[in-house]
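In our numbering, the protein residues as written are 5 to 392.
Where a beta carbon is used, it is the ideal one built from N, C-alpha and C, also for glycine.
One structure is given below, encoded as structure tokens.
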Amino acid sequence: MSRWFKGKLHGCQCAACRIKVNFVVSCKFWCFRICFRNYLNTFPPDDRHFRGVTSTAVACAPRLFCCLLCGFSAVNTDQERVVMLPRRQLGSTSILHAQPLTVRLSPFCYRSCLFVALHVALQAAVYGEYTWEVFVYCWELQFHLLLLLLPYLLLAGNMGCFILCSRANPGIITKSNHASLVKIYAYDGVLFQKGVACPTCNMEKPARSKHCSFCGTCVHRFDHHCVWVNNCIGAFNAKYFFLYLFSLAATAAAITTITAAFLIQVVLLSNMMHGSYIDEQGQEHAVEILFLVQHLFLTFPRVVFMLGFVILLTLVLGAYCCFNLYLALTNQTSNEWYKSRRYGSSRRLTLQPHDRQVVYKNIYSKGVWMNLKEIFKPPTVLERKKTT
Numbered sequence: 005m006s007r008w009f010k011g012k013l014h015g016c017q018c019a020a021c022r023i024k025v026n027f028v029v030s031c032k033f034w035c036f037r038i039c040f041r042n043y044l045n046t047f048p049p050d051d052r053h054f055r056g057v058t059s060t061a062v063a064c065a066p067r068l069f070c071c072l073l074c075g076f077s078a079v080n081t082d083q084e085r086v087v088m089l090p091r092r093q094l095g096s097t098s099i100l101h102a103q104p105l106t107v108r109l110s111p112f113c114y115r116s117c118l119f120v121a122l123h124v125a126l127q128a129a130v131y132g133e134y135t136w137e138v139f140v141y142c143w144e145l146q147f148h149l150l151l152l153l154l155p156y157l158l159l160a161g162n163m164g165c166f167i168l169c170s171r172a173n174p175g176i177i178t179k180s181n182h183a184s185l186v187k188i189y190a191y192d193g194v195l196f197q198k199g200v201a202c203p204t205c206n207m208e209k210p211a212r213s214k215h216c217s218f219c220g221t222c223v224h225r226f227d228h229h230c231v232w233v234n235n236c237i238g239a240f241n242a243k244y245f246f247l248y249l250f251s252l253a254a255t256a257a258a259i260t261t262i263t264a265a266f267l268i269q270v271v272l273l274s275n276m277m278h279g280s281y282i283d284e285q286g287q288e289h290a291v292e293i294l295f296l297v298q299h300l301f302l303t304f305p306r307v308v309f310m311l312g313f314v315i316l317l318t319l320v321l322g323a324y325c326c327f328n329l330y331l332a333l334t335n336q337t338s339n340e341w342y343k344s345r346r347y348g349s350s351r352r353l354t355l356q357p358h359d360r361q362v363v364y365k366n367i368y369s370k371g372v373w374m375n376l377k378e379i380f381k382p383p384t385v386l387e388r389k390k391t392t
């Protein structure tokens with residue numbers, strides 16, 4: 005029996021009794037801590053041969069698997085091979101009676117530079133076309149030089165924010181800074197409750213934190229894991245992500261405006277709007293918008309294709325910028341917004357535990373100005389003591 009979730013352990017065989025089964029581990033993006041805990045009861049009785057055993061030795065690796073029939077356990081040797089060993093040999097380096105298991109993982113199940121490379125390739129393609137054709141034609145049409153250089157200035161700022169966002173520490177929670185980070189935000193009792201520990205990091209989760217399955221660490225004021233910058237977005241790099249996102253949207257909008265202005269100028273100079281064409285039946289028709297688009301696409305195919313792409317990108321980024329601005333002004337993270345939506349509202353939740361109605365409000369919002377200030381200057385323990 006086999007099925008795909010996020011990862012798959014394929015063709016597992018116990019080294020002692022040689023019983024072989026196919027099973028799936030919902031690794032939740034590279035972290036195998038869930039093991040069979042959620043899926044053991046869905047297997048037929050003959051396939052219930054392994055069980056998950058919680059282990060804290062390795063943060064992002066397969067936990068210990070144990071054969072229910074013979075008592076043999078599986079230990080992790082590296083990130084791609086798993087072996088079956090007797091329990092008495094778990095602390096030894098000997099693998100004399102080991103049976104290897106193949107681990108197949110999707111490239112989207114762990115931190116990868118794939119989307120970073122795609123991000124750079126798309127920017128290089130757009131700016132290559134802009135420089136090769138649009139910039140040259142606009143310069144011949146006597147566009148203002150500062151206007152033509154604006155996308156390059158925005159690109160420089162965007163790449164700076166991109167590097168800062170991808171390289172900065174998002175707020176990784178460690179044993180050394182856990183005591184200070186846990187005091188910054190209060191627990192609201194609904195989305196974040198006191199006493200809840202992270203099963204992977206073996207630490208109590210501070211309020212507004214979350215364990216990132218990509219990075220294998222808990223992040224302070226966790227927003228989301230951005231594959232485009234290959235890093236988590238947390239309290240300490242949220243400002244860089246905010247600037248990166250808005251500079252990227254401004255870059256796309258600038259290229260869209262200049263390219264559209266160039267094509268409009270071509271149409272006006274050619275006087276095509278006042279022209280006409282003859283169809284296949286020999287009838288004369290006035291030039292319409294569809295005809296102009298077709299003519300421009302045949303004349304400047306790469307420019308028109310690039311314009312369509314950057315228009316779509318501007319709309320998507322603009323909508324996402326508005327969403328992130330809303331989250332910043334209301335002092336929410338994407339994680340909190342998503343969790344609160346599951347209860348019915350992003351600002352006020354109505355629960356009924358023990359037949360009592362409890363109304364939840366966002367206790368972290370301190371007004372528009374203070375909320376926006378918190379993005380660029382995350383609060384510390386000393387600042388919270390002053391406010392209290």
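- Along the length of the stretch 239-301, whole beta strand (DSSP E) runs at least 3 residues long occupy 280-282, 288-290, reported in chain order.
- By DSSP's assignment, V223 forms a beta bridge with I176, K214.
- Here the stretch 184-192 makes no contact with the stretch 286-305; the two share fewer than three CB pairs at distances below 8 Å.
- Here the alpha carbon of A129 sits roughly 18 Å from the alpha carbon of F166.
- Under the DSSP assignment, H148 falls outside any alpha helix (DSSP H); it carries neither an H nor an E label.
- With a 10 Å radius around the Cβ and a threshold of 16 neighbouring Cβ atoms, F246 comes out buried.
- Collapsing the DSSP output to three states places N206 in coil.
- Taking E378 as the centre and dropping the five residues before and after it, the same chain places the C-beta of N335 closer than 7 Å to its C-beta, in chain order.
- The three-state reading of DSSP puts C165 in helix, counting H, G and I together.
- Beta-bridge pairing by DSSP links N339 to no other residue.
- In this structure the stretch 256-266 lies against the stretch 134-145, because at least three pairs of beta carbons, one per stretch, are closer than 8 Å.
- The C-alpha of P203 is placed about 20 Å away from the C-alpha of G238.
- Look at A201 here: in three-state DSSP terms it is strand.
- If you draw a straight line from the Cα of K209 to the Cα of V223, it comes to about 9 Å.
- In this structure, the CA atom of L154 is about 21 Å from the CA atom of R306.
- When beta bridges are read from the DSSP output, I237 appears opposite H228.
- Counting along the chain, V186 sits inside no alpha helix (DSSP H), nor does DSSP assign it H or E at all.
- Residue burial is scored here from C-beta neighbours: K381 has fewer than 16 other C-beta atoms within 10 angstroms and is therefore classed as exposed.
- Spanning the alpha carbons of A257 and G322 requires a straight line of approximately 9 Å.
- Where L317 is concerned, the enclosing alpha helix (DSSP H) starts and stops at 305-333.
- In this structure, N241 lies near C169, with their beta-carbon atoms less than 8 Å apart.
- Distance from the CA atom of L331 to the CA atom of V271, rounded to whole angstroms, is 42 Å.
- Straight across, the Cα-Cα distance linking H228 with L329 is about 15 Å.
- In this chain, the alpha helix (DSSP H) harbouring G132 covers 118-133.
- It is roughly 53 Å from the alpha-carbon of F295 to the alpha-carbon of N366.
- The alpha-carbon separation between M207 and S116 amounts to approximately 26 Å.
- In the structure shown, L159 falls within a helical segment according to DSSP collapsed to helix, strand and coil.
- In the structure shown, the three-state DSSP call for V372 is helix.
- Here L195 carries a coil assignment [DSSP, helix/strand/coil].
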